[in-house]
Amino acid sequence: MKHLLKMLDLSTEEIIEILNLADQLKYELKHGIPHPHLKGKTLGMIFQKASTRTRVSFETGMYQLGGYPLFLSSNDLQIGRGEPVQDTARVLSRYLDGIMIRTFEQKEVEDLAQYGSIPIINGLTDFCHPCQVLADLMTIREFKGSFDGLKMCFIGDGNNMANSLIVGCLKVGMSVSIACPDDYQPPKEILDFAKTYGDKFEMTNSPMQAAKGSDVLITDVWASMGQEGEAEKRKKAFAGYQINDELMAQANAEAMVLHCLPAHREEEITEKVFEAHANEIFEEAENRLHAQKAVMVKLMAQ
Ligand code: CP
Ligand code: NVA
């Protein structure tokens, strides 16, 4: 494993190795056991979109690993004024030991990996959000003990979160059911992958159908970063695609609820369900830190 560009690139074994290391690093942090695996290393963090969790967890995680994080806003970098990513990659590879990038196009992340010579970590693109889904898998295993026999249900937009959840959950052996409006399905590349899992994958436009018998329910905002101009149109298209009490009644008893955050209460999830599952949702947010530290150690320690 040289980079973390998308969940599609990871084998099941690599995912499990990252989750095991993440659990260990979480244990070490909680027990005051130092783990300076990245002493003397630097991570550049390029942000072309806003962030709370990704920025703070990478920055803190790098510090806890003994390394140094550099926050690089695209407003200040020449990349924001049109310097080609190929050149940026070759320059930054000579200063840094790794790059985390949050941007719009997946191609930009893939290009950084192709032209640079250091590990690249995808901190969210329009196509996927692998760091978040590694934290989600860590949280599911932490609460449920294993992935065996579990069904994950995603309600809402066939977006970056849906894409990574479909791939990640299928790869670790879970069943996946997704409910999205017909015009907002995940891209063909993801659906083609999911179809190879036969009846372990189901897609419908009925949230009630998708939620039946599920153990983990997940949703995300109706309008992602960059789609703010479509917010009103999307509110109409996604009406009814909400995690609420009625939907929870379709799920298994003890079903958990996750949300990558930020959440829009009374849109994709009700305040009541959100608060009833706040312990799971905020553990999920915390696990961003541990899962990403594991990714950085896997990619950058030697
Ligand atoms: N979930 C997530 O990636 O949060 P931020 O946008 O705050 O980084
Ligand atoms: N789908 C959301 C996820 C935010 C973490 C977005 O891209 O804005």
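Numbering (this note's numbering), first residue to last: 32 to 333.
Glycine included, C-beta positions come from ideal geometry on N, C-alpha and C.
Computed from a predicted structure; not experimentally measured.
Kindly list the residues whose CB is nearer than 7 Å to the CB of residue i, restricted to its own chain and excluding five residues on each side of it in sequence; keep chain order.
| i | result |
| --- | --- |
| Ser-105 | Ile-77, Phe-78, Gln-79, Gly-111 |
| Gln-323 | Ser-88, Phe-89, Gly-92, Cys-162 |
| Gln-281 | Met-239, Ala-242, Lys-243 |
| Tyr-346 | Past the edges of the chain, shown from 32 to 333, lies residue 346, and the structure says nothing about it. |
| Arg-121 | Tyr-146, Gly-147 |
| Tyr-228 | Leu-201 |
| Leu-36 | Val-140, Glu-141, Ala-144, Ile-151, Asn-153 |
| Cys-174 | For the record, residue 174 in the displayed sequence is Phe; it is not Cys. Hits under 7 Å: Met-287, Glu-311. |
| Ala-294 | Ile-300, Phe-305 |
With distance defined between alpha-carbon atoms, name the residue in the options nearest to residue i.
| i | options | result |
| --- | --- | --- |
| Ala-254 | Leu-278, Ser-245, Glu-299, Ala-225 | Glu-299 |
| Cys-291 | Thr-83, Glu-259, Gly-260 | Thr-83 |
| Gly-176 | Asn-51, His-308, Glu-45, Ala-262 | Asn-51 |
| Gly-189 | Leu-196, Pro-217, Leu-155 | Pro-217 |
| Ser-206 | His-160, Gly-187, Asn-194, Glu-233 | Glu-233 |
| Val-198 | Cys-211, Asp-213, Glu-220, Asp-179 | Glu-220 |
| Glu-317 | Val-164, Asn-236, Asp-213, Thr-227 | Val-164 |
| Lys-72 | Gln-258, Glu-44, Gly-97 | Gly-97 |
| Leu-320 | Leu-222, Leu-60, Leu-201 | Leu-60 |
| Glu-48 | Lys-37, Lys-264, Ile-151, Met-169 | Met-169 |
| Thr-156 | Asp-142, Asp-167, Gln-137 | Gln-137 |
| Phe-158 | Lys-202, Glu-141, Lys-266 | Glu-141 |
| Leu-196 | Gly-271, Asp-276, Ala-225 | Ala-225 |
| Cys-211 | Glu-314, Tyr-272, Arg-265, Ser-124 | Tyr-272 |
| Asp-223 | Lys-303, Phe-269, Asn-194, Tyr-215 | Asn-194 |
| Phe-305 | Asp-276, His-62, Lys-267, Ser-124 | Asp-276 |
| Asp-230 | Lys-329, Ile-209, Tyr-215 | Ile-209 |
Leaving out five residues on either side along the sequence, give the residues of the same chain with a beta carbon under 8 Å from the beta carbon of residue i.
| i | result |
| --- | --- |
| Ala-286 | Ser-245, Asp-246, Val-247, Leu-248, Met-279 |
| Arg-86 | Met-76, Phe-78, Phe-102 |
| Tyr-126 | Thr-73, Gly-75 |
Return helix, strand or coil for residue i, following the three-state DSSP convention.
| i | result |
| --- | --- |
| Lys-182 | strand |
| Ser-208 | strand |
| Met-32 | coil |
| Leu-127 | coil |
| Phe-102 | strand |
| Glu-233 | strand |
| Thr-227 | coil |
| Ile-77 | strand |
| Ile-171 | helix |
| Leu-52 | helix |
| His-62 | coil |
| Met-239 | helix |
| Leu-41 | coil |
Would you say residue i reaches chain B, if we count a Cβ-Cβ gap shorter than 7 Å as a contact?
| i | result |
| --- | --- |
| Leu-330 | In the structure shown, chain B cannot be found, because there is only a single protein chain. |
In angstroms, rounded to a whole number, what distance separates the CA positions of residue i and residue j?
| i | j | result |
| --- | --- | --- |
| Phe-185 | Leu-69 | 36 Å |
| Met-131 | Leu-74 | 7 Å |
| Asp-118 | Thr-250 | 37 Å |
| Arg-172 | Glu-261 | 36 Å |
| Gln-145 | Lys-33 | 11 Å |
| Ala-309 | Phe-178 | 21 Å |
| Leu-108 | Ala-81 | 15 Å |
| Leu-39 | Glu-259 | 28 Å |
| Met-213 | Gly-187 | In the sequence under discussion, the amino acid at residue 213 is Asp, which differs from the Met named in the question. One C-alpha to the other measures close to 11 Å. |
| Asn-191 | Met-256 | 11 Å |
| Phe-135 | Leu-143 | 13 Å |
| Asp-167 | Ala-325 | 14 Å |
| Arg-297 | Pro-65 | At residue 297 the sequence reads Glu, which differs from the Arg that was named. If you take the alpha carbons of Glu-297 and Pro-65, they lie about 42 Å apart. |
| Asp-54 | Leu-289 | 18 Å |
| Gly-180 | Ile-312 | 22 Å |
For residue i, which residues in the same chain have their Cβ closer than 6 Å to its Cβ, ignoring the five residues on either side in sequence?
| i | result |
| --- | --- |
| Glu-139 | Val-116 |
| Met-183 | Cys-200, Met-205, Val-207, Val-247 |
| Thr-43 | Lys-202 |
Residue list, Cβ distance to the ligand CP heavy atoms smaller than 6 Å: Ser-82, Thr-83, Arg-84, Thr-85, Leu-155, Gln-163, Cys-291, Leu-292
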